[in-house]
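The numbering used here applies: residue 33 is where the sequence shown begins, and numbers increase by one. Data first, discussion second: the structure below is written as structure tokens.
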Amino acid sequence: MTAKTHAATPVTTTGAASARRSPARVLMRRWPTALALALTVPDLLSGNGSRDASGAVAAFGEALPLLPLLYLIVNQLGKPQLTWPVLGAGLATMVALRAQGAVPPSTVLVTVALILLIWGTVRGTPHGRTVFGIQTAGAFIFCALALTGLTVDPDLGRHLVAAGWLLHGVWDFVHLRLRRLDGIVSRTFAEWCGVVDILIAVELLLLP
């Protein structure tokens, strides 16, 4: 009985390891990446010949400040589980701002980011001054790339906005990897956002 039991154990272990590596389980663990690819790849593969380059740059440039703003909000709340709800609220705000047409969305987002920076400086932050300083630096860099990209020559602006999205993709993955920054936002969001950001940057660079 003992010999048979020991002989069967490796089969069970191998079966468990095989199950962990099964495509279904891998997809379940990597659902943020799968969702990001589903949202961006079809548009990327459809070709950009019919897309208005200036309109795409304007749209993505106006949306870029939302990314560091979301990090600032969740950082100040100190609750990464609120990342996805904050993203939903941010996207709804973007839609409303574009619909009213009176104030550019990028102006509103940058203003809110500045308010949050003042709030964090005066009232403190749940993750400490160093992390807050890193988030502040990121907010300045990404907002500067967005605002500059919206005001300069269209071709240069396209590259600046693309650089902003690409760098924010790197920013997301750094937050996934560095222990000090892990937990600022939800890990699932950081993975999803990193893939989306990089693919949007590629799309901008491929515009005619």
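Where is the CB? At the ideal position from N, CA and C, for every residue including glycine.
Nearest to residue i (by Cα), restricted to the options the options
| i | options | result |
| --- | --- | --- |
| residue 169 | 70, 112, 199, 92 | 199 |
| residue 67 | 221, 144, 119, 137 | 221 |
| residue 118 | 128, 104, 129, 131 | 104 |
| residue 109 | 233, 216, 175 | 216 |
| residue 213 | 231, 165, 62, 189 | 165 |
| residue 115 | 218, 62, 129, 133 | 218 |
| residue 207 | 190, 167, 189, 191 | 167 |
| residue 102 | 78, 135, 142, 130 | 142 |
| residue 188 | 93, 133, 120 | 93 |
| residue 159 | 186, 211, 181, 182 | 211 |
| residue 197 | 209, 181, 186 | 181 |
Integer-rounded CB distance, given that residue j should sit under 8 Å from residue i
| i | j | result |
| --- | --- | --- |
| residue 242 | residue 88 | Absent from the structure is residue 242, since the part of the chain shown begins at 33 and ends at 240. |
| residue 100 | residue 174 | 5 Å |
| residue 184 | residue 236 | Their Cβ separation, rounded to whole angstroms, is 14 Å, which puts residue 184 and residue 236 out of contact at 8 Å. |
| residue 231 | residue 73 | 7 Å |
| residue 97 | residue 106 | Residue 97 to residue 106, Cβ: 15 Å. No contact. |
| residue 190 | residue 90 | Rounded, the Cβ-Cβ distance is 10 Å, inconsistent with contact. |
| residue 171 | residue 149 | 7 Å |
Where residue i falls, given that 16 or more other Cβ within 10 Å makes a residue buried
| i | result |
| --- | --- |
| residue 147 | exposed |
| residue 233 | buried |
| residue 177 | buried |
| residue 138 | buried |
| residue 134 | exposed |
| residue 120 | exposed |
| residue 81 | Because the pLDDT of residue 81 is 47, which lies under 50, any placement of that residue in the model is unreliable, and the number read from its coordinates should be weighed accordingly. It is exposed - the Cβ of residue 81 has fewer than 16 other Cβ atoms within 10 Å. |
| residue 131 | exposed |
| residue 145 | buried |
At least three beta-carbon pairs within less than 8 Å, the region 195-207 to the region 218-227: Segments in contact, yes.
Segment contact, 8 Å Cβ cut-off, at least three pairs: the region 112-130 with the region 154-171: With the cut-off at 8 Å, the region 112-130 and the region 154-171 do not touch.
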